[in-house]
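Asker:
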Amino acid sequence: MSAIELRKDWDTYFMDIAYMVSTRSRCPRRHVGAVLVQGKKLLGTAYNGAPMGVADCSEEGCMISEEYELVVTDGQEEMVKKQRCIRTIHAEQNLLLFTDRIDREGSSVYVTDEPCWTCANMLANSGVTEIVFHRSYPKDTSKVKNMMQQKGISFRKLDNYQPPRETMMTVSN
Ligand SMILES: [Zn+2]
Ligand SMILES: [Zn+2]
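For the sequence shown, the residue numbers in the UniProt record's numbering are 1 to 173.
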């Protein structure tokens, strides 16, 4: 392979960084990383975590919330009980807390996981004009896609992408 072929494309480059950032998460259930990119410049990084100075999941365990959710499998609807950790601020929300509005205008967010409805709603109002993600989050995907379309925000899943091996931590679901 020539040096040019070895060079990573920008999508891979920024998604790799998002995965590296996700390894900072102390929640054993989910590791999410997000980065803010303006042009080709990295303007911020964030991961899911408890507020600074507050006990995190590694110290006090996850804060579990149980909810029934409608899951559709092969056209069959089913109510399934799901557990989620609600201790952490989601990576996307932390990214918004730690970046400036002016930097976000017209920017892109690379995030390891498809944003949940709340994060998507906030991103849609944040100045960001492109969201690129890797792992799917089927629970909210149809309403999130619909909103992004209405807002004219480019919303892309990176297919054929392999995260760096060292960032793939085992998480419980
Ligand atoms: Zn947790
Ligand atoms: Zn979220």
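Virtual Cβ for every residue (Gly too), placed ideally from N, Cα, C.
Note that this is a predicted model, so its numbers are computed, not measured.
#1: Just to check, is the beta-carbon of C116 closer than 7 angstroms to a non-hydrogen atom of ligand 1?
#2: Is the segment 56-64 close to the segment 16-35, with three or more CB pairs under 8 angstroms?
#3: Any chance you could list the alpha helix (DSSP H) runs of at least 4 consecutive residues sitting entirely within the segment 81-108, in chain order?
#4: For P51, which option in V21, R87, G106 has the closest C-alpha, if you only look at C-alpha atoms?
#5: Applying the criterion that 16 or more other CB atoms from any shown protein chain within 10 Å of the CB defines a buried residue, is Q93 buried or exposed?
#6: Restricting to Cα atoms, I'd like to know which of N121, T141, P163, E105 is closest to Q38.
#7: Buried or exposed for E114, going by 16 or more other Cβ atoms inside 10 Å?
#8: Roughly how many angstroms lie between the CA atoms of T99 and D9, to the nearest whole one?
#9: What residues in its chain sit with their C-beta under 7 angstroms from that of K143, if we drop five residues either side in the sequence?
#10: In the DSSP assignment, what are the bridge partners of G75?
#11: Could you say if the segment 150-161 and the segment 125-140 meet the contact criterion of at least three C-beta pairs nearer than 8 angstroms?
#12: Restricting to Cα atoms, I'd like to know which of M20, I102, N125, Y13 is closest to R165.
#13: Which residues in the same chain have their Cβ closer than 7 angstroms to the Cβ of L123, if we skip the five residues on either side of it in sequence?
Answerer: To lay it out plainly:
#1: Taking the sequence shown and counting its residues from 1, one reaches residue 116 at position 116. C116: no, Cβ never under 7 angstroms from ligand 1.
#2: yes
#3: 91-97, 101-104
#4: Start at 1 with the first residue of the sequence shown, and residue 51 comes out as number 51. Among V21, R87, G106, the Cα nearest to that of P51 belongs to R87.
#5: In the sequence shown, residue 93 corresponds to position 93, counting from 1. It is buried - the Cβ of Q93 has at least 16 other Cβ atoms within 10 Å.
#6: Start at 1 with the first residue of the sequence shown, and residue 38 comes out as number 38. Minimum Cα distance to Q38 is reached at E105.
#7: Walking along the sequence shown from the start, residue 114 turns up at place 114. The residue in question, E114, is buried, as its Cβ has 16 or more Cβ neighbours within 10 Å.
#8: Taking the sequence shown and counting its residues from 1, the one referred to as residue 99 is at position 99. Taking the sequence shown and counting its residues from 1, the one referred to as residue 9 is at position 9. Going by the C-alpha atoms only, they are around 25 angstroms apart.
#9: Residue numbering aside, residue 143 sits at position 143 when the sequence shown is read from its first letter. So the qualifying residues of the chain are W117.
#10: Here residue 75 refers to the residue found at position 75 of the sequence shown. BP columns for G75 are empty, so no partner.
#11: yes
#12: Locating residue 165 in the sequence shown gives position 165, where the first residue counts as 1. The candidate whose alpha carbon is nearest that of R165 is M20.
#13: Here residue 123 is taken as the residue at index 123 of the sequence shown, counted from 1. Setting aside the 5 residues that flank it on each side, L123 is surrounded in the same chain by E92, V109, P115, I131, each with a C-beta closer than 7 angstroms to its C-beta; the list follows chain order.
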